[in-house]
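Engineer: There's a structure below that I have some questions on.
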Amino acid sequence: MATLLYRLGRASFRRRRLVLALWLAVLAALGVATLAFIGPTASNFTMPGTESQRALDALAKHFPEAGGATGTIVVAAPEGKQLTSPQARQAIGALTKEAAGLPGVVAAVDPFQIGAVSPDGRHALVQVQFAAVNDRVTDDQRAAYAKVGAGAEAAGLRVEHGGEVMTSEPEIGSTEALGVAVAAAVLIVTFGSLVAAGMTMLNALIGVGVGMAGLFALSSLVELTSTAPVLALMLGLAVGIDYSLFITSRHRQNLLDGLEPEEAAARAVGTAGSAVVFAGATVVIALAGLAVVNIPFLTVMGLAASGTVAVAVLVAITLQPALLGFAGHRILPRRHRTARPTGPAARGGFGFRWAYIVTRWRVLFILAGVLGLAGLTVPASEMRLALPDAGTAQAGSPAREAHDLISAGFGPGFNGRLAAVVSSGSAEATGRAAKEAAALIQATKGVIAVTPPQPNASGTTVLLAVIPATGPTDAATETLVHDIRDKVRGIDGAQVSLTGMTAIGIDVSEKLSDALPVYLLLVVGLSVLLLMLVFRSVLVPVKAALGFLLTVGATFGITVTVFQQGWLSGLLGVDTPGPLVSFLPILLIGILFGLAMDYQVFLVSRMREDFVHGDTAQQATISGTGHGARVVTAAALIMISVFGGFVLLDDPIIKSMGFALAVGVAIDAFVVRMTIVPAVMSLLGDSAWWLPRPLARVLPNVDIEGEQLRAHLDHDATEVPARV
1 MATLLYRLGR ASFRRRRLVL ALWLAVLAAL GVATLAFIGP TASNFTMPGT ESQRALDALA
61 KHFPEAGGAT GTIVVAAPEG KQLTSPQARQ AIGALTKEAA GLPGVVAAVD PFQIGAVSPD
121 GRHALVQVQF AAVNDRVTDD QRAAYAKVGA GAEAAGLRVE HGGEVMTSEP EIGSTEALGV
181 AVAAAVLIVT FGSLVAAGMT MLNALIGVGV GMAGLFALSS LVELTSTAPV LALMLGLAVG
241 IDYSLFITSR HRQNLLDGLE PEEAAARAVG TAGSAVVFAG ATVVIALAGL AVVNIPFLTV
301 MGLAASGTVA VAVLVAITLQ PALLGFAGHR ILPRRHRTAR PTGPAARGGF GFRWAYIVTR
361 WRVLFILAGV LGLAGLTVPA SEMRLALPDA GTAQAGSPAR EAHDLISAGF GPGFNGRLAA
421 VVSSGSAEAT GRAAKEAAAL IQATKGVIAV TPPQPNASGT TVLLAVIPAT GPTDAATETL
481 VHDIRDKVRG IDGAQVSLTG MTAIGIDVSE KLSDALPVYL LLVVGLSVLL LMLVFRSVLV
541 PVKAALGFLL TVGATFGITV TVFQQGWLSG LLGVDTPGPL VSFLPILLIG ILFGLAMDYQ
601 VFLVSRMRED FVHGDTAQQA TISGTGHGAR VVTAAALIMI SVFGGFVLLD DPIIKSMGFA
661 LAVGVAIDAF VVRMTIVPAV MSLLGDSAWW LPRPLARVLP NVDIEGEQLR AHLDHDATEV
721 PARV
C-alpha cells in the first residue's frame, strides 16, 4: 500500500494543476446537481416491524384522513379569568374556523365540542388535522398555521402553536463557523505558517464541499433524515482537516530532513497517507456497519457520513500533495526556509518529554487512567433513551411554549397522547373490539382518559386517543405503553395496535437498545481484526479495543451526567435535562471507533516503523509518541473544536451529539492514546509485537509503516551509482 500511495502522491505533485482542476470541476458539477435535484429532508424516525409503525401503516391505508400531521393550538385566558365567557368563546370559535380554512388542513375541532378545556376553565386545546404527513407539510403551510389566532390575542387571550407540525429541522449557521475558526487557529499555531494552515484548511473544505454536494444531489432519490446532513458535515469537516494535517505534517518533516519537495510529498503520502487510508477505512466501515442494525434512518445516517469521510480520504491523498506542489518550501515557517537541517529532528520537544515521563511512571499512569475512566463510566448505568419531544426544545420557541402551557393547564400527559388503532374486516367486529379496548385501556393505571371512538368511513378502522398521566419521556409512560399492549393483545376479532409519537419513541429506543450490544461486539471484533492485520500483533489490537471501551464508557457517563442528570447543563444551554436521544449511543460507538482508530494508527504505526527499523521497543515507544504527540494533539483539538461548534446549536439532538463526540475525542486522544497506550506499550516491551507464526503466514502484510517502501527507495538509491 505504501508504495502505491507513494506513486500516487508523486503523480499528484507533478500534475498538480490537472488534479486541482479535476477536483474543482467535480465540486462545480455536484453543486449544479444539488441545485437541480435536491430533495426535502425527513424529520420522522420510522421503525419497520414495530407495533407503532404497523399501526401508522394501517392508518395510512384505511384511515388516511387521520394519518396526517397534527397541530395543537393552545389558548389561555389571563390569570383570574376563564374561557367560558361569551367574548372568549367567540374568539376561540373564530380561531377554530380560521385554522380549519388553512391550506392543507382537513379539520380543526372546537375545544368546547369535545371537552378539551382544562378543569379551571383557563386553558383550551384546538386540534388541527393536516392532510399530509409532517414531512410533506410545506413551509408556507407551517407559516400560515403559526399565524392563526391574531384575533384571539387581540381579545386578550394567549395563543401558542404546538404539535407535531411545529417540529423544525436543525439549521447550519455561524455556530459551526466558530468551530472551523478555532480549527484554523490550531493549524496556524501547529505549523507556524499561514500557508501550511491555509492549504490544509482549503483541502478539507473542498473535500467537505464535494461530499455534502454529492449527498444533497442524491437527496431526491434517498430519504435523508434532518440530522443526516448535519452528521455528515460534522464528520467530514473534522476528519478532512485531520487527514490533511497528518500528511502535511509528515511532508514538512521530510523537508526538514533534507528531501526535495516532490520526494517529500510522495513519501508523506506513502507513509502518513497509508495511515490516513486505513484510518478512513475504519471510520467508513464502522459507519456503514450501522446498516446491520436494520434501522432505515440510522442506515441512511451512517452511509451519508461514511460517504463524506471516504471523499475526505480521496481528497487528502490526491489533492493535498497537489497543493503541496504549489506551496514548495513556503509550507515551512520562514526561519526554516533558508537554513534547513539535514537529518532527523532533535528529540527535545514536549512530546518526547511526555513520553519519557509516561514510560518511566507507566504503572502509575495506567492505574490512574483506567480507574479514572472507570469512575466516569458509572453514571452510564442509569442511562435512559428516548426520542426528544417539545419539552426539550429551546426555551422560548413556539413548540416549547405550547408544550409548557399544555402541561400547566392539563398536565404533562396531554403532550404525550397515545393512539390505539382498532381494525378488522367488518365494521361490526371493529366496533365491538373498539368498545372492549376502550374499557380495558381506561381501566389501566396511569390513563387519564380515552376519547370516544373515531371510525373511518367504512367503520372497519377506529381510532382511540389515550391520554396518559405522565409525559412522553417519563419512565412511567413507557411502562404504561407496555401495560396497555398486554391488556388489548387478547381481544378477539380485531387487531389493536398502539401508536403515536410517544409510542414510536419508545419502540425506537427499545429496538436500538437491543441492537447496541450486538453492534458494540461487531465494532470491537472488527477493531481487533483490522489492527492485527495492520500491526501484525495480538496484544496491540487487544489493548486498543480495551482502550476504546474505556473511551466509550466514560463518554456515556459524562453525557448522562450533563444531559440527563443536569450537572452543568446550563452552561451548554440545556435548560431541561432528560433522556438521551435514542440513537446517540449506537451512533457514538460507530463514530468514536473510527476516530479512536485514527489516533491509534497514527501513534502506533510510527512506533512500529521505528521498531522494524532497528529501535528497541522502549525507544520505539518514546519515538512514536514523541513524533506523534504534536500532530495528534492538534488533530484532537481540531476535532473537539469542530464538534464543539455544534453544541451551540439549539437542536437537542445535534447539541448532544456534538458534546458527546467532543468529549469522546478528548478522552481518547489525551487519556487513552497519549497516556495509557505508551505506558502499556512500554510495559509490554518486545512482546507487544508478538504474532504467532500461523497467523503471520496467513495475514497479508499491508505495510502501513512503509517498510517495503523504504527498502524499495534504498534499492533504487543504490542502483543509480551502479548504472553510472
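Just so we're aligned, residue 1 is where the sequence shown starts under full-length UniProt numbering, counting upward by one.
C-beta atoms are modelled at their ideal positions from N, C-alpha and C, and glycine is treated no differently.
1. Who does VAL642 pair with in a DSSP beta bridge?
2. Cutting at 7 Å between CB atoms, please list the residues of its own chain near TRP690, excluding the five before and the five after it.
3. Within its chain, find whatever has a CB closer than 7 Å to the CB of GLY192; leave out the 5 residues flanking it on each side and keep chain order.
4. Counting C-beta neighbours from all protein chains within 10 Å, is the total for PRO579 16 or more, i.e. buried, or is it exposed?
5. Just to confirm the assignment, what range does the alpha helix (DSSP H) spanning THR461 have?
6. From LEU20 to TYR599, what does the alpha carbon distance come to, in whole angstroms?
7. On the criterion of 16 or more Cβ atoms from any shown chain inside 10 Å, does HIS482 qualify as buried, or is it exposed?
8. Could you name the residues that DSSP lists as bridge partners for PHE130?
9. Assign GLN564 to one of three DSSP states: helix, strand, or coil.
10. Have a look at ILE591, THR633 and ARG10 and flag the residue whose alpha-carbon is nearest the alpha-carbon of SER306.
11. Decide if the stretch 496 to 505 is in contact with the stretch 406 to 426; the criterion is three or more beta carbon pairs, one per stretch, under 8 Å apart.
12. Would you mind working out which of THR359, ILE295 and ILE114 sits nearest VAL680, comparing C-alpha positions?
13. TYR243 to SER274, Cα distance in whole Å?
14. Keeping to the same chain, check which residues put their C-beta closer than 6 Å to that of MET301; ignore five residues upstream and five downstream.
15. State the DSSP-derived secondary structure class of ARG384, mapped to helix, strand or coil.
16. Distance check for PRO468 and GLN53, CA to CA, integer angstroms please.
17. Cα-Cα, which of MET1, PHE112 and VAL128 is closest to GLY121?
18. Alpha carbons only, please: which of ALA544, PHE414 and ASN701 is nearest the one belonging to ASP474?
19. Can you grab the Cα-Cα spacing for the pair ILE366 / LEU684, in whole Å?
20. Exposed or buried, LEU18, counting other C-beta atoms within 10 Å across all chains shown (16 or more means buried)?
21. Apart from the five residues just before and just after SER249, which ones in its own chain have a Cβ nearer than 6 Å to its Cβ?
22. Report buried or exposed for TRP23, applying the criterion of at least 16 other Cβ atoms within 10 angstroms of its Cβ.
23. Since ALA107 and ALA100 are thought to touch, with beta carbons under 8 Å apart, how far apart are those beta carbons, to the nearest angstrom?
24. Please specify which runs of the alpha helix (DSSP H), each continuous and at least 4 residues long, are wholly inside the stretch 511 to 587, giving them in chain order.
25. Run through the DSSP bridge pairs and tell me what ILE622 is partnered with.
26. To the nearest angstrom, report how far apart GLU260 and PHE13 are at their CA atoms.
27. If you draw a straight line from the C-alpha of HIS161 to the C-alpha of ALA399, how long is it?
28. Counting only the same chain and skipping the five closest in sequence on each side, list residues whose C-beta sits under 6 Å from that of residue 726.
29. Taking Cβ positions, are LEU187 and THR167 nearer each other than 8 Å?
30. Note the first and the last residue of the continuous alpha helix (DSSP H) segment covering THR70.
31. Check whether the Cβ atoms of ILE558 and ALA238 sit closer than 8 Å, and answer yes or no.
32. Please go through the same chain and pick out, in chain order, the residues whose beta-carbon is closer than 6 Å to the beta-carbon of residue 725, but skip the five residues on each side of it.
33. In angstroms, rounded to a whole number, what distance separates the CA positions of ASP139 and ASN294?
34. Can you name the residues that DSSP bridges to GLY162?
35. Counting C-beta neighbours from all protein chains within 10 Å, is the total for LEU221 16 or more, i.e. buried, or is it exposed?
36. Assign ARG489 to buried or exposed, taking buried as 16 or more other Cβ atoms, counted over all protein chains shown, within 10 Å of its Cβ.
Structural biologist: So, to answer that:
1. In DSSP, VAL642 forms no bridge with anything.
2. SER537, VAL538 and LEU539
3. PRO333
4. buried
5. Unbroken run through THR461 is the beta strand (DSSP E), 461 to 468; no alpha helix (DSSP H).
6. 29 Å
7. exposed
8. VAL105
9. helix
10. ILE591
11. yes
12. THR359
13. 11 Å
14. ALA228 and LEU231
15. coil
16. 20 Å
17. PHE112
18. PHE414
19. 12 Å
20. exposed
21. VAL631
22. buried
23. 6 Å
24. 539 to 559
25. Per DSSP, none; premise fails for ILE622.
26. 12 Å
27. 7 Å
28. Only positions 1 to 724 of the chain appear in the structure, and residue 726 is not among them; the question remains open.
29. no
30. It is not in any alpha helix (DSSP H) - THR70 instead sits in the beta strand (DSSP E) that spans 70 to 76.
31. no
32. The question about residue 725 has no answer, for the chain in this structure spans 1 to 724.
33. 31 Å
34. THR72
35. exposed
36. exposed
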